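Enquirer: Take a look at this one; I'll ask things after.
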Amino acid sequence: MTDKLIIFDTTLRDGEQSPGASMTRDEKLRIARQLERLKVDVIEAGFAASSNGDFEAVRTIANHIKDSTVCSLARANDRDIARAAEAVAGANRGRIHTFIATSPLHMEKKLRMSPEQVLEQARLAVRFGRNLCGDIEFSAEDGYRSEIDFLARVVEAVIAEGASTINIPDTVGYAIPELYGHFIKTLREKVPNSDKAIWSVHCHNDLGMAVANSLAGVKIGGARQVECTINGLGERAGNCSLEEVVMAVRTRRDYFGLDVGIDTSQIVPASRMVSQTTGFVVQPNKAVVGANAFAHASGIHQDGVLKARDTYEIMRAEDVGWSANKIVLGKLSGRNAFKQRLQELGIELESEAEINAAFTRFKDLADRKSEIFDEDIIALVGDESVTA
Ligand code: KIV
Ligand code: ZN
1 MTDKLIIFDT TLRDGEQSPG ASMTRDEKLR IARQLERLKV DVIEAGFAAS
51 SNGDFEAVRT IANHIKDSTV CSLARANDRD IARAAEAVAG ANRGRIHTFI
101 ATSPLHMEKK LRMSPEQVLE QARLAVRFGR NLCGDIEFSA EDGYRSEIDF
151 LARVVEAVIA EGASTINIPD TVGYAIPELY GHFIKTLREK VPNSDKAIWS
201 VHCHNDLGMA VANSLAGVKI GGARQVECTI NGLGERAGNC SLEEVVMAVR
251 TRRDYFGLDV GIDTSQIVPA SRMVSQTTGF VVQPNKAVVG ANAFAHASGI
301 HQDGVLKARD TYEIMRAEDV GWSANKIVLG KLSGRNAFKQ RLQELGIELE
351 SEAEINAAFT RFKDLADRKS EIFDEDIIAL VGDESVTA
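What the sequence shown shows, in full-length UniProt numbering, is residues 1 to 388, in sequence order.
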């Protein structure tokens, strides 16, 4: 089994399905270029058959992106698949991602098809797609809520038809990490030709477990592709967040033992671009890309970080594209952090007594004001300072 984890970004497709996150062709191209700088392996650029606009967006991205595989989603029918094939035809590496639902609920209530009809449609769709494109991914929509023996038959059939990636989505975010991981593992064991395809996970965040579920799918289930979005953008509560899953695998390489090809220094620029383009604000305490992800406010933490950063930092802010970590001065800050900030501002106080007096004034101010900015400190030390 490969020790590389393939990062499949679907910000431009599943991310765009988030209400209010629709993007123009040019916006999508700009984000696709950033995803290419980030070195994602696969960019799902859209759903070509869904509208002429989306077709154009996928085609434009396919024609401009050179280093990442460019993929279009398609339902499991000839029209969608032909449209997807046409849209990705200009790509260096193109992929068609076809899907059909396999859970009893979706088959009966939504598709109104019998399981045998679904199996046959999946098989024919992959056969048709394989004649148009060398890289076919098959997704069993609502895969996690599917009956496992039936799902295994579907997967075996589509691999036999030439699908090279098999994706088992937790479409509605219902999974629990351990259960999802074991579901993927058991399913793989039930599929006789399972090693002919790369297994993929695609998790939604309805219970806030999309990242944990994806990681369990990798660790327990043996999946080697994760489908994710920048900032976890996506339908309802969103998708598995790219930055979290990538940094988890990187930071805990000791546990996962996998390589990711991502240039992590491009994570924060990608996050900002997606946020600015969609208008979806990133919460300050969001892991990796939130404004506070590398900010230290308590005196004890500040003191520790000033002595050795890894006391309270498991990743470097600079490694994910921040210019530096942040020591936020406020009422919890200690003398050490205050002195350090004076130094950074080029302020030299002549004696320890002066520093102590300035520190007392700083604490008084901090009781009245939640964050103390550099301007506050400059005003606070006033004439006592000798600026370097
Ligand atoms: O969540 C889902 O099931 C999907 C599929 C279309 C892959 O987005
Ligand atoms: Zn999805």
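A virtual CB, placed ideally from N, CA and C, is assigned to each residue, including glycine.
What you are looking at is a predicted structure, and each value in this text was computed from that prediction instead of being measured.
1. Rounding to the nearest angstrom, what Cα-Cα distance links residue 209 and residue 364 in this structure?
2. Given residue 152, which residues of its chain have a CB within under 7 angstroms of its CB, disregarding the five upstream and five downstream residues?
3. Distance, Cα to Cα, residue 362 vs residue 329?
4. Around the C-beta of residue 386, are 16 or more other C-beta atoms found within 10 angstroms, so that it is buried, or is it exposed?
5. Could you work out which residue in 149, 98, 239 is closest to residue 18 when comparing CA atoms only?
6. Is the closest heavy atom of the ligand KIV to the C-beta of residue 141 under 7 angstroms?
7. Identify the continuous alpha helix (DSSP H) that holds residue 64 and give its terminal residues.
8. List the residues that DSSP assigns as beta-bridge partners of residue 99.
9. For the 8 angstroms Cβ check, are there 3 or more pairs between the region 57 to 69 and the region 283 to 291?
10. Under a Cβ-count criterion, where at least 16 other Cβ atoms within 10 Å of its own Cβ denotes burial, should residue 379 be classed as buried or exposed?
11. Would you please state the rounded distance, in angstroms, between the beta carbons of residue 73 and residue 55? I believe it to be under 8 angstroms.
12. Ends of the beta strand (DSSP E) at residue 16?
13. Does the ligand KIV have even one heavy atom less than 7 angstroms from the beta-carbon of residue 73?
14. Give the secondary structure of residue 328 by DSSP, where H, G and I count as helix, E and B as strand, and everything else as coil.
15. Using a Cβ-Cβ cutoff of less than 6 angstroms, which residues in the same chain neighbour residue 237 once the five nearest sequence positions on both sides are dropped?
16. Is DSSP giving residue 286 helix, strand or coil here?
17. Have a look at residue 388 and residue 306 and give me their C-alpha separation to the nearest angstrom.
18. Helix, strand or coil for residue 392, going by three-state DSSP, please let me know.
19. Assign residue 155 to one of three DSSP states: helix, strand, or coil.
20. Less than 8 angstroms separating the beta-carbons of residue 29 and residue 259?
21. Can you say whether residue 314 is buried or exposed, counting buried as having 16 or more other CB atoms within 10 angstroms of its CB?
Expert: This is what the structure gives:
1. Stepping through the sequence shown from its first residue, residue 209 is reached at position 209. Stepping through the sequence shown from its first residue, residue 364 is reached at position 364. Roughly 42 angstroms separates the two Cα atoms.
2. As a working note, residue 152 is residue 152 in the sequence shown. Result list for residue 152: 187, 190, 191, in chain order.
3. If you number the sequence shown from 1, residue 362 lands on position 362. If you number the sequence shown from 1, residue 329 lands on position 329. Their backbone Cα atoms lie some 9 angstroms apart in a straight line.
4. Residue numbering aside, residue 386 sits at position 386 when the sequence shown is read from its first letter. Here residue 386 scores only 48 on pLDDT, less than 50, and its place in the model should not be relied on; the value that follows carries that caveat. It counts as exposed.
5. In the sequence shown, the residue the question calls residue 18 occupies position 18. Nearest of 149, 98, 239 to residue 18, Cα basis: 239.
6. Along the sequence shown, one-based indexing puts residue 141 at 141. Yes, the beta carbon of residue 141 sits closer than 7 angstroms to at least one heavy atom of the ligand KIV.
7. Stepping through the sequence shown from its first residue, residue 64 is reached at position 64. Residues 52 to 64.
8. To locate residue 99, count along the sequence shown from 1; it is residue 99. DSSP lists 75, 139 as partners of residue 99.
9. Counting Cβ pairs under 8 angstroms, fewer than three are found: no touch.
10. Numbered from 1 along the sequence shown, position 379 holds the residue referred to as residue 379. With fewer than 16 Cβ atoms within 10 Å of its Cβ, residue 379 is classed as exposed.
11. Looking up residue 73 in the sequence shown gives position 73. Looking up residue 55 in the sequence shown gives position 55. The pair is not a contact, with the Cβ atoms about 12 angstroms apart (cut-off 8 angstroms).
12. Within the sequence shown, numbered from 1, the residue matching residue 16 stands at position 16. It is not in any beta strand (DSSP E) - residue 16 carries neither H nor E in the DSSP assignment.
13. Translated into the one-based positions of the sequence shown, residue 73 becomes position 73. It does: the Cβ of residue 73 is within 7 angstroms (strictly closer) of some heavy atom of the ligand KIV.
14. Working through the sequence shown from its first residue, we reach residue 328 at position 328. In the structure shown, residue 328 sits in coil (DSSP, three-state: anything other than H, G, I, E or B).
15. The sequence position of residue 237 within the sequence shown is 237, counting from 1. If we look at residue 237 and ignore the five residues flanking it on each side, its Cβ neighbours are 205, 206.
16. For the purposes of this step, residue 286 is taken as the residue at position 286 of the sequence shown. Looking at residue 286 - three-state DSSP - the assignment turns out to be coil, as it is neither helix nor strand.
17. Your numbering for residue 388 matches position 388 in the sequence shown. Your numbering for residue 306 matches position 306 in the sequence shown. Caution is warranted here: a pLDDT of 44 is assigned to residue 388, below 50, making its placement in the model unreliable, and no coordinate value can be reported.
18. The question about residue 392 has no answer here: the residues shown for the chain are numbered 1 through 388.
19. Position 155 of the sequence shown, counted from the start, is the residue given in the question as residue 155. Per DSSP, reduced to three states, the secondary structure at residue 155 is helical.
20. Along the sequence shown, read from residue 1 onward, the residue named residue 29 stands at position 29. Along the sequence shown, read from residue 1 onward, the residue named residue 259 stands at position 259. Contact flag unset, no.
21. Taking the sequence shown and counting its residues from 1, one reaches residue 314 at position 314. Looking at its Cβ environment, which holds fewer than 16 other Cβ atoms inside 10 Å, residue 314 is exposed.
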